[in-house]
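*Asks:*
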Amino acid sequence: MAFSAIKSGELVTLNDLHPSSPLFKNGASLRVTGKLQEYTVETAIAIIADGNKILKIDTQHLRDLSFRIGSVYQFIGELVVQPDNEAILQARVGRNVDGIDLNLYHQSLQVLRQFQADHLKNSTI
Amino acid sequence: MDPKFQYTHVKLLAFDLLSLLQTPSFSSDPICFSRLGKSLSRAEILGLVTSREHKPNKFLKFTIDDGTGCVSCILWLNQLASPYFSRRSPPDVRLIADVATHFASDIKIGVVARVRGRITSYRGVVQITVSDVVIERDPNAETFHRLNCIKLARNYYGVAAPLNAAVETCY
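Quick mapping for you: the protein sequence lines, in order, are chains A and B.
Quick note on the working numbering: the first sequence kicks off at 553 and runs consecutively.
Quick note on the working numbering: the second sequence kicks off at 6 and runs consecutively.
#1: Thr148 (chain B) versus chain A: which residues are under 8 Å apart at the beta carbon?
#2: Any idea what DSSP makes of Ser660 (chain A), helix, strand or coil?
#3: Does the beta-carbon of Lys16 (chain B) have 16 or more other beta-carbons within 10 angstroms, so that it is buried, or is it exposed?
#4: Interface residues of chain B around Lys559 (chain A) at Cβ under 8 Å?
#5: Need the endpoints of the alpha helix (DSSP H) that Val98 (chain B) sits in, please.
#6: Please report the distance separating the alpha-carbon of Phe619 (chain A) from that of Asp71 (chain B).
#7: What are the boundary residues of the alpha helix (DSSP H) that Lys605 (chain A) is part of?
#8: Determine the direct distance from the alpha carbon of Asp602 (chain A) to that of His671 (chain A), and round the result to whole angstroms.
#9: Would you kindly report the start and end of the unbroken alpha helix (DSSP H) that includes Ile652 (chain A)?
#10: Is any beta-carbon of chain B found at less than 7 Å from that of Phe627 (chain A)?
#11: Which residues in chain A sit within 9 Å of Asn145 (chain B), going by Cβ to Cβ distance?
#12: Could you check how far apart the C-beta atoms of Gly629 (chain A) and Arg644 (chain A) are, in whole angstroms? I think they sit under 8 Å.
#13: Could you check whether the Cβ of Gln612 (chain A) sits closer than 7 Å to any Cβ belonging to chain B?
#14: At the level of alpha carbons, what is the spacing between Gln605 (chain A) and Asn674 (chain A)?
#15: Please work out which residues of its chain come closer than 7 Å, Cβ to Cβ, to Val116 (chain B), disregarding the five sequence neighbours upstream and downstream, and give them in chain order.
#16: Would you mind telling me which residues of chain B sit closer than 8 Å to Gln642 (chain A), beta carbon to beta carbon, in chain order?
#17: Out of B:Leu100, B:Val76 and B:Cys78, which one is the CA nearest neighbour of Leu85 (chain B)?
#18: Under the assumption that Leu65 (chain B) contacts Arg57 (chain B) (Cβ atoms under 8 Å), give the Cβ distance between them as a whole number of angstroms.
#19: Kindly indicate which three-state DSSP category Ala170 (chain B) falls into: helix, strand or coil?
#20: Once DSSP output is grouped into helix, strand and coil, what is the label at Asp70 (chain B)?
#21: Could you pull the DSSP bridge partners for Cys37 (chain B) from this structure?
#22: I think Ser87 (chain B) touches Val130 (chain B), with their Cβ atoms under 8 Å apart; what is that distance to the nearest whole Å?
#23: Hey, Val624 (chain A) and Gly579 (chain A) are a contact pair by Cβ (cut 8 Å); roughly how many whole angstroms apart?
#24: In three-state DSSP terms, what is Lys559 (chain A)?
#25: At the 7 Å Cβ level, is Leu152 (chain B) part of the contact set with chain A, yes or no?
#26: If Ser30 (chain B) and Pro8 (chain B) are in contact, beta carbons under 8 Å, what's the gap, nearest whole angstrom?
#27: Count Cβ pairs between the segment 108 to 128 of chain B and the segment 89 to 100 of chain B that sit closer than 8 Å; are there 3 or more?
#28: Could you tell me how far apart the beta carbons of Arg47 (chain B) and Thr68 (chain B) are, in whole angstroms, since I believe they sit closer than 8 Å?
#29: Beta carbon of Lys608 (chain A), beta carbon of Ser581 (chain A): below 7 Å?
#30: Would the beta-carbon of Thr106 (chain B) fall within 7 Å of that of Gly122 (chain B)?
#31: Are the C-beta of Arg583 (chain A) and some C-beta of chain B separated by less than 7 Å?
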């Protein structure tokens with residue numbers, strides 16, 4: 553595996569993934585978090601939810617991860633946007649994050665985005 | 006360069022670590038790393054392990070992804086064969102090798118690892134030469150680390166030192 557080819561999974565909420573978002577594109581490397589709503593063993597497709605937003609996750613490449621409805625999971629992978637604008641994340645990494653404080657997690661993402669914007673601004677001065 | 010953090014494992018987010026200024030140096034370390042005029046030599050990062058390449062008795066190379074970037078980490082496993090360790094006592098070398106092997110067995114894809122080590126460079130890209138690995142089981146560990154890094158960067162690491170002080174420490 554070529555190390556240089558591994559892209560970082562940008563931290564996003566399911567709310568960020570709407571068709572007009574710059575993140576909503578084929579091949580975008582993302583890290584998503586949500587509560588497992590459905591899981592189909594035959595297809596290895598999981599559906600996670602955060603608030604009223606949901607996202608399909610293709611988990612066929614994941615090993616050693618057991619799925620429990622109602623548990624919270626985090627996945628890193630690449631987004632595939634289908635012609636009907638339905639998106640599915642091809643997961644390459646997954647983990648159970650039961651016990652995560654989602655409110656604090658979401659707030660930390662806002663603080664992070666501000667910090668990165670400030671960092672970018674300072675580095676271009 | 007301001008040497009205040011020279012021997013501290015500074016907690017940095019991946020994008021921040023990867024954007025450190027690299028300057029050729031004539032000291033024992035071939036490259037000097039700095040951030041806003043502060044000389045840095047060690048770092049602590051935390052994130053998900055997203056790749057691993059294991060060469061038994063040589064090294065384990067793995068990637069830490071904290072959502073802001075991917076940092077390549079090298080954990081050396083060649084202590085028993087390396088001439089670098091030949092002058093040290095064999096029991097000490099055996100202990101160092103055992104610890105490194107234990108760290109290597111902990112690093113699996115999908116775990117969250119806190120990694121400490123020396124900041125080094127490989128083909129111009131910043132990496133970590135690992136000295137310590139802790140596997141984090143608290144699902145909030147990454148959030149706390151993220152907020153901690155931002156607070157430290159804003160309040161401590163972010164205050165620029167005079168440029169000439171930065172250059173002096175490198176040489």
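Cβ coordinates follow ideal geometry from the N, Cα and C atoms, glycine included.
As the structure is a computational prediction, the values presented were derived from the model and not from experiment.
*Replies:* Let me spell this out:
#1: Ile652, Asp653, Leu656, Tyr657 and Ser660
#2: helix
#3: buried
#4: Cys75
#5: Pro95 to Asp111
#6: 23 Å
#7: From DSSP, Lys605 (chain A) is part of no alpha helix (DSSP H) but of the beta strand (DSSP E) over Lys605 to Asp610.
#8: 29 Å
#9: No alpha helix (DSSP H) contains Ile652 (chain A), which DSSP labels as neither H nor E.
#10: no
#11: Val649, Gly651, Ile652, Asp653, Leu656 and Tyr657
#12: 5 Å
#13: no
#14: In the sequence on display, residue 605 (chain A) carries Lys and not Gln. The straight-line gap from Cα to Cα measures roughly 35 Å.
#15: Val54 and Ile140
#16: Under the 8 Å cutoff, chain B gives no residues; its nearest Cβ is about 14 Å from Gln642 (chain A).
#17: B:Leu100
#18: 6 Å
#19: Interpretation of Ala170 (chain B) is limited by its pLDDT of 49, a score under 50 that renders its predicted location unreliable; the figure taken from the coordinates is listed afterwards. Helix at Ala170 (chain B).
#20: strand
#21: B:Thr28
#22: Not quite, the Cβ-Cβ distance comes to about 24 Å (not below 8 Å), so this is no contact.
#23: Not really, about 26 Å apart at Cβ, beyond 8 Å.
#24: coil
#25: yes
#26: Not confirmed; about 13 Å, so no contact.
#27: no
#28: Contact doesn't hold; Cβ gap of about 19 Å is too wide.
#29: no
#30: no
#31: yes
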